Amino acid sequence: MSKEKFELSKKEGIHKELASLAGEWQGRMFTMFENGKIVNEADVSGSMKLVLGGRFILHEYKSSFGDDPIEGIAIYGYHIDRKKFESVWIESFGMGTAIMFSEGNHSETDISFLGHYEDPSSDSKWGWKTTIQKIDENQILIIAENFSPEGREAGGVKIIYHRV
696 MSKEKFELSK KEGIHKELAS LAGEWQGRMF TMFENGKIVN EADVSGSMKL VLGGRFILHE
756 YKSSFGDDPI EGIAIYGYHI DRKKFESVWI ESFGMGTAIM FSEGNHSETD ISFLGHYEDP
816 SSDSKWGWKT TIQKIDENQI LIIAENFSPE GREAGGVKII YHRV
């Protein structure tokens, strides 16, 4: 990646768009184990900040599932040379000690990432698609959808964030 491409992206491109996500956020997190059936609803607070000179957004969040606290960290970025979004995600609820790597695309309305994780009981790979939609400058919708190894939707998480 050339320095010029990156500086242009920060000024008027995708990195400028990523930078617009930076800030403190609060909202609600809805967890579904089956499609459409909410099994948990909780407050969520998050922070998104630019790191490494604006190359990436570091997203840290806290919520709960029942009485159990949940913490998560994601790093979102855009690989200029590959023309792909990339992310890594770790959290304290269902991933154990695993790190999920994802990559994705940009559309007019959102950024989406697709990653996979293994079910240790069956060695099968499940899909996890995360979509970040900026509703306006002060509201973000994050939808994370779980997909079975056969490709069927299998619940997920929805976060509605409001800028603090």
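When we follow my numbering, the leftmost residue of the sequence shown carries the number 696, and every step to the right adds one. For glycine and all other residues, C-beta sits at the position ideal for the given N, C-alpha and C. Every value quoted in this text rests on a predicted model; they were computed, and no experiment measured them.
Residue range of the alpha helix (DSSP H) that includes residue i
i: glutamate 712; result: 709-714
Residue range of the unbroken beta strand (DSSP E) whose run includes residue i
i: glycine 749; result: No beta strand (DSSP E) contains glycine 749, which DSSP labels as neither H nor E.
i: serine 819; result: 819-831
i: aspartate 763; result: 763-774
i: aspartate 814; result: 806-814
DSSP state of residue i mapped onto helix, strand, coil
i: serine 704; result: helix
i: glutamate 882; result: Here the chain comprises residues numbered 696 to 859, so residue 882 is not present and cannot be evaluated.
i: arginine 858; result: strand
i: phenylalanine 788; result: coil
i: threonine 726; result: strand
i: isoleucine 794; result: coil
i: alanine 907; result: Not covered by the structure: residue 907. The range shown for the chain is 696 to 859.
i: glycine 731; result: coil
i: glutamate 848; result: strand
i: glutamate 803; result: coil
Distance between beta carbons of residue j and residue i, contact taken as under 8 Å
i: histidine 857; j: tryptophan 720; result: 7 Å
i: isoleucine 765; j: phenylalanine 796; result: At roughly 20 Å, the Cβ-Cβ gap does not stay under 8 Å, so isoleucine 765 and phenylalanine 796 are not in contact.
i: asparagine 800; j: tryptophan 823; result: Contact flag wrong, Cβ pair sits at about 16 Å.
i: lysine 829; j: serine 715; result: 7 Å
i: isoleucine 768; j: isoleucine 785; result: 5 Å
Bridge partner(s) assigned by DSSP for residue i
i: serine 843; result: Answer is none; serine 843 lacks a bridge partner.
i: lysine 779; result: His774
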